[in-house]
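Right, one structure below, let's go through it.
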Amino acid sequence: MLRVAVFGAAGRMGRAVLSCICEADDLKLVGAITEPGDKWLGRDAGELVGGAAAGVPLTDERAQGLDTAQAAVDFTLPSATEANVRACAEHGTAIVIGTTGLSERQRNALEKAAHEIPIVYARNLSVGVNVFMELVARAAKALGDGYDVEIAEAHHRHKVDAPSGTALTLGERIAAARGRKLDELAVYARHGQTGPRVPGTIGFSVVRGGNVVGEHAVRFIGAEEEVEFFHRAADRKTFARGALRAARWAAGQAPGLYSMADVLGLSRD
1 MLRVAVFGAA GRMGRAVLSC ICEADDLKLV GAITEPGDKW LGRDAGELVG
51 GAAAGVPLTD ERAQGLDTAQ AAVDFTLPSA TEANVRACAE HGTAIVIGTT
101 GLSERQRNAL EKAAHEIPIV YARNLSVGVN VFMELVARAA KALGDGYDVE
151 IAEAHHRHKV DAPSGTALTL GERIAAARGR KLDELAVYAR HGQTGPRVPG
201 TIGFSVVRGG NVVGEHAVRF IGAEEEVEFF HRAADRKTFA RGALRAARWA
251 AGQAPGLYSM ADVLGLSRD
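So in my numbering, spot 186 of the sequence shown is number 186, and the numbers just go up one at a time.
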């Protein structure tokens with residue numbers, strides 16, 4: 001059995017990961033880590049998902065949660081992720097990171113820690129989304145510059161970053177297929193007298209509301225036809241299951257910084 005610890009165990013995604021671990025025959029929960037002052041501190045992790053006792057109390061001590069873990073899953077906040085990665089490096093524990101909104105400095109910290117432990121970092125850990133991204137990248141390469149690109153995404157009212165990490169990754173893959181960088185092409189807002197569209201730009205639009213788990217649409221709009229790709233996540237467990245698939249894979253890898261494309265064996269042409 002793979003021994004797994006969960007950072008952000010009391011959060012929405014943390015609970016989904018806990019639930020999936022409890023359902024799996026080949027995984028064992030050994031650590032459930034939350035923030036200081038959390039009302040769940042000291043209570044059994046099984047209570048969070050309405051299941052049987054897991055025998056693992058929630059703790060705010062990273063060392064305690066990682067004591068016997070072979071892999072950890074992180075769905076927290078950027079500031080916490082940085083400290084979580086350092087703790088995993090100290091314990092020799094592989095980590096899968098689904099936290100979005102990391103700064104350049106925080107991403108650099110991941111690269112540094114990846115010299116010591118295996119790290120899988122992905123803005124979206126859903127298997128379906130990563131296949132979706134691959135198809136979009138291939139379409140961008142095949143269609144070329146003659147199609148205008150618009151990326152639309154929708155998430156629940158509690159999401160704190162925009163556009164979503166997944167939308168940005170889609171934009172990066174499309175820009176790369178055109179031999180450019182996203183920073184050169186992205187248009188994040190349109191309002192008022194914007195003038196005509198600048199050729200080659202990639203537009204983003206964002207919706208926040210209700211309990212939307214996650215929706216992403218990419219439109220390649222040509223003068224004579226349009227190609228659209230769409231993905232909808234119906235349950236947070238899709239991200240949790242993807243994270244645990246990555247954890248199983250990462251635990252057997254050499255130190256390095258990996259993506260879900262590596263986990264799934266997808267090309268990155």
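Every residue gets a Cβ at the ideal spot worked out from N, C-alpha and C, and that includes glycine.
- Around the beta carbon of S79, fewer than 16 other beta carbons sit within 10 angstroms, so the residue counts as exposed.
- Bridge pairing for H231: H216 [DSSP].
- Annotated three-state conformation of F239 is helix, per DSSP.
- The DSSP-derived three-state label of A52 is coil.
- A distance of 8 Å or more separates the beta carbons of N130 and L257.
- Close CB contacts of A152 within its chain, under the 7 Å cut and outside five residues either way in sequence, are with S205 and A217 (chain order).
- Following the DSSP letters along the chain, one finds D148 inside the beta strand (DSSP E) bounded by residues D148 to H155.
- A Cβ-Cβ separation of about 5 Å places A32 in contact with V56 under the 8 Å criterion.
- Residue pairing by DSSP places I33 opposite F7 and T59 in a beta bridge.
- Pairing I117 with T93 gives a Cβ-Cβ distance under 8 Å.
- Within the region 96–162, the complete alpha helix (DSSP H) runs of at least 4 residues fall at 104–113 and 127–143.
- Three or more Cβ pairs drawn from the region 96–103 and the region 69–79 lie within less than 8 Å of each other, which places the two stretches in contact.
- DSSP places R208 in the strand class (E or B) of the three-state scheme.
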